[in-house]
Amino acid sequence: MDFRFTDEQRMLADTASAFMQEVADSSATRQAMISDAGYCAESWQRLCEQMYWQGILVPEACGGLDLGFVEQIIVLEAMGERLHCSPLFSSVIATLALRSVPESAIAFSLLERICAGDIVSLAHTEARPDWGSEGVGVTASIGESGWTLDGCARFIPFGHSANTFLIVARHAEGLGLFVADNNQPGVHCQRVQTMDQTRAMADLTLTNVSVAREYCLSTDFEGTLDAVLDAARILLAADQVGGARKSLELSVDYVQERVQFGRSIASFQAIKHKAADMMVKAESARSLLYAAGCIADEWLSGYSDERALCEAAAMTSAAAGEAYFFTAGSGIQLHGGVGITEEYDIQLYFKRARSTEAYLGNPTAQREVVARLLLDGDS
Amino acid sequence: MDFRFTDEQRMLADTASAFMQEVADSSATRQAMISDAGYCAESWQRLCEQMYWQGILVPEACGGLDLGFVEQIIVLEAMGERLHCSPLFSSVIATLALRSVPESAIAFSLLERICAGDIVSLAHTEARPDWGSEGVGVTASIGESGWTLDGCARFIPFGHSANTFLIVARHAEGLGLFVADNNQPGVHCQRVQTMDQTRAMADLTLTNVSVAREYCLSTDFEGTLDAVLDAARILLAADQVGGARKSLELSVDYVQERVQFGRSIASFQAIKHKAADMMVKAESARSLLYAAGCIADEWLSGYSDERALCEAAAMTSAAAGEAYFFTAGSGIQLHGGVGITEEYDIQLYFKRARSTEAYLGNPTAQREVVARLLLDGDS
Amino acid sequence: MHLRFTAADEEFRAQVADWLSENLVGEFAAVRGRGGPGDEHCFVEERKAWEQRLAEGGWTCIGWPEAWGGRNASIEQQVIFNEEYARAGGPGRVGHIGETLMGPTLLAFGSDAQKKRYLPGIKSGRDLWCQGYSEPSAGSDLANVRTRAIFDEPSQRWRISGQKVWTSLAHESDYVFVIARTDPQQKSHKGLGFFLIAMDQPGVTVRPITQLTGTAEFNEVFFDDAVCSAEDIIGEPGDGWKVAMGLLGFERGVSTLGQQMLFQTELDEIIRIAKSNGSAQDPAIRQRIAEAHIGLRAMRFNSLRMLSGVADDASLGREAMIYKLYWSSWHRNLGKLAMDVLGPDAELLLDGPYELGRLQSLFLFTRADTIYGGTNQIQRNIIAERALGMPKEPRGTAT
Amino acid sequence: MHLRFTAADEEFRAQVADWLSENLVGEFAAVRGRGGPGDEHCFVEERKAWEQRLAEGGWTCIGWPEAWGGRNASIEQQVIFNEEYARAGGPGRVGHIGETLMGPTLLAFGSDAQKKRYLPGIKSGRDLWCQGYSEPSAGSDLANVRTRAIFDEPSQRWRISGQKVWTSLAHESDYVFVIARTDPQQKSHKGLGFFLIAMDQPGVTVRPITQLTGTAEFNEVFFDDAVCSAEDIIGEPGDGWKVAMGLLGFERGVSTLGQQMLFQTELDEIIRIAKSNGSAQDPAIRQRIAEAHIGLRAMRFNSLRMLSGVADDASLGREAMIYKLYWSSWHRNLGKLAMDVLGPDAELLLDGPYELGRLQSLFLFTRADTIYGGTNQIQRNIIAERALGMPKEPRGTAT
């Protein structure tokens with residue numbers, strides 16, 4: 001038991017922070033978020049080439065770094081701190097999905113392509129009625145020449161820039177995972193306009209899309225999907241914790257500067273206590289996040305089961321989602337009038353807090369997952 | 001539309017406040033609550049003889065004052081302010097039940113006896129699974145010689161001192177309302193020890209109790225029971241609002257006196273803002289209470305239907321229950337160390353806040369009632 | 001104490017409803033339900049024309065004395081008017097600052113000449129007003145006003161210089177009322193004056209503030225030797241604080257009932273969506289919708305108690321002080337509830353580049369509710385000090 | 001960063017568990033799970049004997065240096081010991097103030113003579129300690145201490161007079177450590193001394209404080225010319241504040257993990273009841289149980305981060321400061337949750353006159369959690385000032 005960063009992890013955190021400071025200041029973020037792609041291609045290229053963060057969870061054989069989940073969290077937290085607009089999250093989810101299906105040449109080569117900087121996106125849900133397997137809106141039917149996919153998937157982060165999709169589709173006997181390229185006939189993916197502009201989203205429509213048999217990576221993907229989504233919730237929580245901590249920092253900095261009634265408003269108890277509550281929530285979510293990272297590492301290495309992963313993900317997602325929304329919302333309040341202006345960044349954090357809190361199941365839904373584990377069945 | 005007390009109502013409020021100051025100071029309350037009966041017989045007698053509050057809702061023909069629901073609320077609010085230990089609440093509920101059943105000589109004479117100071121208690125529930133008709137635990141069967149009652153009812157306020165019970169029992173075709181005296185064979189009622197000692201509670205056990213046909217006041221009491229309980233929730237909310245306001249007052253008085261860090265702690269923003277939040281909750285609950293009083297008056301006089309009463313009761317109960325618990329709980333916090341000592345009264349308010357909040361359905365349950373009215377069915 | 005309106009009041013209600021349904025047609029049909037908070041930038045020309053139509057019908061300033069063109073309407077009638085106005089979808093009133101703030105201030109503190117000069121323009125819907133209180137360095141701290149007013153003896157005019165901020169409708173207004181420092185020696189709330197200033201002059205510049213919604217509701221207003229005649233100060237130099245504090249009292253009045261009707265339409269919309277997309281079956285959403293409903297009813301009864309108190313003894317009671325804190329917190333929660341009811345679709349805009357749906361605007365704009373017009377923190381100070389008699393904090397330098 | 005314990009640690013865990021299961025029998029079987037906060041008044045004699053049994057087994061003061069009888073146990077081992085102790089139902093430690101507060105203070109600030117005089121008695125479980133910090137007029141404001149210490153030259157002893165309050169276990173203790181004013185000219189935190197005083201003397205009187213639970217957990221302690229030898233002051237007169245502040249740091253340590261195990265048994269009990277009485281199907285209760293579970297896990301990981309930080313650079317990190325606020329708020333919410341899970345039966349006592357059930361005690365006693373040892377308000381001040389670097393409030397007189 002050692003609940004500290006290793007020296008290597010600490011170094012990675014410092015590097016990540018420095019790199020983000022360089023490529024993701026406020027003006028870079030604002031420029032990227034209103035661009036067509038929703039991210040800066042040059043920064044992405046630097047991230048892939050100089051940082052190689054897209055390779056953190058990729059096995060060495062495929063050209064990856066084969067580091068741990070905690071390392072992945074460290075960089076996502078740093079990115080969240082800066083509201084970085086980046087398809088990295090997508091590629092990491094895809095990596096986890098590819099690691100979870102039976103080994104194959106296709107999966108191997110996709111992992112290689114991820115390392116090369118290709119964007120690979122998991123397309124799995126219509127988010128109706130929920131974000132899990134119930135929400136799968138693509139159907140797959142098998143024929144002489146292979147599979148045919150039809151249907152829609154929504155809320156694919158940076159899907160409009162994806163080179164390749166990993167598509168979850170319902171077939172006669174369950175869920176499968178299929179591969180399709182963005183330029184394949186019948187594949188249509190388009191960015192949708194969203195309130196939070198820093199995490200671009202796309203809708204995917206599949207019309208009679210042919211997929212060769214070997215591009216079906218799994219026909220028994222349901223349980224795996226759940227685990228991959230749980231891992232995704234932890235990764236997202238890293239973004240949220242980073243954003244929550246930065247929201248607190250920006251707000252404390254602002255109130256220190258702001259003078260009213262003859263003194264810095266940071267000296268008012270109402271302000272101080274709000275800031276203290278923000279810190280309690282942010283740091284507690286962070287503790288849960290790191291523990292979830294350890295558990296996800298154990299899951300990746302086979303020491304922990306899906307139930308432990310599920311519990312860690314639900315707890316962390318609930319806490320991080322609430323912490324981010326609370327700190328960014330309170331942050332606006334601490335900023336006072338300027339908090340609601342376009343000019344200050346706190347509102348961008350607030351919007352990202354909302355979009356991430358709702359994504360993959362909101363805190364209420366996550367607490368219900370925890371409740372199920374605690375209260376239902378024989379457990 | 002005139003949302004003010006009339007002059008008479010204002011006078012009644014002043015009288016009530018003065019009378020309570022006389023008979024229900026802290027030491028009187030503490031003496032009464034640990035007595036066997038849980039109330040002071042002498043004060044009850046004075047209340048009945050000098051104040052005649054037990055007659056407020058009794059029709060003139062039965063010797064009552066035939067005043068309105070708002071008047072009843074006014075005195076209950078004053079009693080709640082002082083944590084008065086009194087069976088009045090029971091008698092008022094019984095009055096409402098007796099006014100709601102078909103006219104009869106028995107009902108008439110019971111109303112007369114209520115005016116004379118007899119304690120008449122509605123015994124209706126085992127509170128499992130809920131406080132309404134589902135919780136009725138007494139069964140009534142009809143035979144040659146009349147009705148026979150068997151079963152239990154719990155949480156009867158001051159039931160151990162009741163002269164007569166109005167018993168809700170389930171018969172073959174629905175719910176009925178039956179009358180039994182406390183000294184009748186097979187009737188056994190005993191006080192139970194409760195965390196809040198200011199509102200004594202009793203359990204009633206009925207073993208093969210014979211009730212003559214004319215002592216069955218209604219065989220179709222289900223809808224009426226719901227309405228009577230809704231009215232009871234509003235009456236209870238009066239107690240809660242009184243207690244909430246007093247909790248605030250006691251706490252503000254305390255923090256004004258208490259000096260720490262060289263100044264009255266009432267000057268600290270954390271304290272002031274807590275007090276402000278307490279006031280917002282208490283006064284808002286009070287506004288809902290008075291509106292509910294008006295609506296209950298309309299219901300009594302036939303202008304409003306049970307749905308309006310139900311909505312008003314659920315809203316008021318939810319708000320008053322929360323306001324009381326919040327103000328009394330925060331009141332302990334504002335008192336600091338002495339708040340948790342037996343010596344100071346704020347802890348008595350806190351216990352009464354809890355017991356009243358849970359009684360007849362907690363705020364969550366009441367909000368669900370509101371949600372049903374708003375969201376379900378065609379409404 | 002009772003909640004029923006008299007027959008006469010109900011007749012008045014019918015009269016209002018009839019007039020509105022006859023007049024909110026044609027050119028005005030499009031502005032039904034538009035122009036409220038968060039939507040102030042829309043249909044401005046139509047809403048200006050609407051002010052004059054209202055005035056022609058005798059429906060502006062109905063609470064004013066008859067001598068100044070009002071109806072001397074009772075509190076009940078004002079409540080009814082505001083309720084029916086909102087129910088009919090009457091558009092956000094561009095004239096509301098003149099009608100509910102400037103007018104009552106003039107009536108209470110203005111000279112006869114000032115009343116004659118300004119009240120008719122407000123009454124007729126011709127002159128629009130905005131308010132100049134907050135400053136960049138004095139957001140919550142009105143006493144810290146730095147805008148200066150210097151009396152120029154030769155021209156017998158005041159010359160105003162400084163900057164105001166968070167001024168809504170500034171770019172549409174004809175006049176602004178401004179608190180400015182007349183005595184630079186005096187600190188805090190002493191030495192302030194209350195000035196009425198024409199917007200259309202070289203010394204006044206308006207700059208919109210773009211908000212998190214992408215739209216601009218508020219403005220900065222710069223005064224650079226703006227002029228104001230000697231007759232256009234209310235009271236004496238040095239009376240500004242007294243006048244301003246009186247004016248803050250007018251902010252809480254019958255218009256709150258109309259505001260609540262707008263809130264009700266928002267809540268109704270949320271309930272409609274919840275029923276249609278299934279979230280009405282989510283227990284947590286049910287609790288929150290019920291809580292919103294209860295909160296809105298409490299707000300209404302708080303207002304009625306407050307208004308009944310006004311009728312009673314002409315002073316605003318305890319309830320008045322909780323109003324801003326209550327509605328702004330409630331409304332902010334409603335914005336979040338709207339998002340959670342919309343579910344995943346809450347993120348999707350109507351269109352690019354940043355066209356928000358109504359509930360998205362609600363969500364984002366309500367974050368301003370707990371800030372402008374006195375933050376929640378300031379409101380709690382006011383409640384604690386004025387309603388509960390708790391001491392002010394010591395002034396001093398933080399360490 | 002990983003959560004797994006090493007094989008050696010797991011072996012240590014087994015050793016602790018075995019010893020406890022062999023020793024928590026016979027006379028000690030009855031005290032399993034008893035004597036925690038809110039229950040301190042029970043089984044005191046048995047728990048005193050238990051301290052000595054623990055000491056014989058070498059299980060007191062395991063984190064102390066071996067030179068003073070400890071095991072110099074690693075943080076991991078201390079975590080494990082506390083977890084296993086709580087898991088086995090080890091009773092509330094009457095010796096905990098000596099072991100976790102007095103001992104570390106002596107080790108850090110005491111003279112060699114003082115260490116020799118006092119550490120063995122703590123280590124062996126013979127001497128029980130209590131703490132004398134708070135005073136009636138200085139609850140949250142330690143600097144405002146009024147208890148006086150006057151050095152009597154002829155007898156070469158200090159004479160202590162004054163009153164302390166909220167002293168738990170005072171009536172059972174052999175010694176008390178006290179902050180008292182050595183220099184009456186000095187205000188605030190200057191001029192204080194830190195004294196070690198024997199309880200068994202005529203100048204010391206203990207009076208229990210009856211709480212809202214009807215039981216007495218805390219005491220008032222009156223000093224009326226109580227004596228204390230010249231050697232029994234830690235550091236110099238005037239060093240008291242420094243010593244006291246150091247001591248406050250020791251309050252947050254590995255014992256938090258044990259505390260959390262107790263919380264876990266409370267939560268488990270609540271879950272058990274919820275499952276058996278059907279409230280586990282109530283959506284609102286489900287949310288709150290899940291929240292309690294998440295909160296408790298967060299508390300654990302907060303502690304582990306804090307402890308790892310201690311091992312790292314010997315200073316308590318940001319996480320340490322949030323601990324008291326976090327656990328006390330969590331625990332208070334748990335008390336309310338317990339009542340709501342019990343439903344209507346929550347009101348019913350075990351017996352008259354006022355015998356509370358375990359969860360009722362929890363509910364009532366947890367109201368004290370957010371007050372003693374620094375109120376939540378004080379904790380937030382500390383977090384804001386020390387962890388976030390925000391300025392202190394100006395001192396001054398309220399107006």
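Chains as they are written, first to last, in the numbering used here: chain A, 1 to 379; chain B, 1 to 379; chain C, 1 to 399; chain D, 1 to 399. We put the CB at the ideal spot given by N, CA and C, even for glycine.
One finds R380, I383, A384, L388, M390 in chain D with Cβ atoms closer than 9 Å to the Cβ of A275 (chain A), taken in chain order.
For F158 (chain A), the nearest beta carbon of chain B is not closer than 9 Å to its own beta carbon. Contact between the region 339-358 of chain B and the region 382-395 of chain D is absent: fewer than three C-beta pairs spanning the two stretches fall below 8 Å. Among the residues of chain C, those whose CB is under 8 Å from the CB of P129 (chain A) are G278, following chain order. A105 (chain A) sits exposed, since fewer than 16 C-beta atoms from the chains shown fall within 10 Å of its C-beta.
With its beta carbon less than 9 Å from one in chain B, M1 (chain C) belongs to the interface. Within the region 32-56 of chain D, the complete alpha helix (DSSP H) segments at least 4 residues long are 44-56, listed from N- to C-terminus. Closest in alpha carbon position to L166 (chain B), among B:P129, B:S210, B:R128, B:C216, is B:C216. Contact annotation, L128 (chain C) with K115 (chain C): C-beta distance approximately 18 Å; criterion of less than 8 Å not satisfied. Leaving aside the five residues that flank N72 (chain C) on each side, the residues in its chain whose CB is nearer than 7 Å to its CB run, in chain order, P65, E66. The beta carbon of S218 (chain B) is closer than 7 Å to those of V101, P102, G176, L177, T224 in its chain, skipping five residues each way along the sequence.
With the rule of 3 Cβ pairs closer than 8 Å, the region 78-93 of chain D counts as touching the region 10-18 of chain D. Residues of the region 267-296 of chain C that bring their beta carbon within less than 8 Å of a beta carbon in chain D comprise P283, A284, Q287, in sequence order. F365 (chain D) is positioned such that its CB atom lies closer than 9 Å to that of G335 (chain D).
For the region 44-118 of chain A, the continuous alpha helix (DSSP H) assignments of 4+ residues that do not extend past its boundaries occur at 69-81, 88-100, 105-115, in sequence order. Within the region 258-283 of chain A, contact with chain B at the beta-carbon level (separation under 7 Å) is assigned to F268, Q269, A270, H273. If you draw a straight line from the Cα of D369 (chain C) to the Cα of A41 (chain B), it comes to about 54 Å. Within the region 58-82 of chain C, those residues whose Cβ lies closer than 7 Å to any Cβ of chain B are, in chain order, E76. Q185 (chain D) and R146 (chain D) have their C-alpha atoms spaced approximately 12 Å apart.
DSSP, read as helix, strand or coil, puts I197 (chain C) in strand. Nearest neighbour of A353 (chain B) by Cα position, chosen from D:G352, D:A216, D:E347, turns out to be D:E347. N219 (chain D) carries a strand assignment under DSSP once its states are collapsed to helix, strand and coil. The beta carbon of Y326 (chain C) falls within 9 Å of a beta carbon belonging to chain B, placing the residue at that interface.
Secondary structure note for L175 (chain A): its beta strand (DSSP E) is the uninterrupted segment 174-181. V75 (chain B) is positioned such that its CB atom lies no closer than 9 Å to that of L83 (chain B). Between V136 (chain B) and T148 (chain B) a beta carbon distance of about 16 Å is seen, past the 8 Å cut, so the two are scored as non-contacting. The Cβ neighbour count for E173 (chain A), taken over all protein chains shown within 10 Å, is under 16; the residue is labelled exposed. By the C-beta criterion, the region 224-239 of chain B is judged not to be in contact with the region 179-194 of chain B, since fewer than 3 inter-stretch pairs fall below 8 Å. By the criterion of a C-beta distance shorter than 6 Å, M278 (chain B) is surrounded in its chain by L248, T327, S330, once the five residues flanking it on both sides are discounted. In chain order, C62 place their CB closer than 7 Å to the CB of F108 (chain B), counting only its own chain and leaving out the 5 sequence neighbours on each side. Per DSSP, the unbroken alpha helix (DSSP H) holding H273 (chain B) starts and ends at 269-300. Contact with chain A is found for R305 (chain D), since one of that chain's Cβ atoms lies less than 9 Å from the residue's Cβ.
Taking a C-beta cut-off of 8 Å against chain C, the contacting residues of the region 185-219 of chain A are V192, Q193, T194, M195, D196, Q197, M201, listed in chain order.
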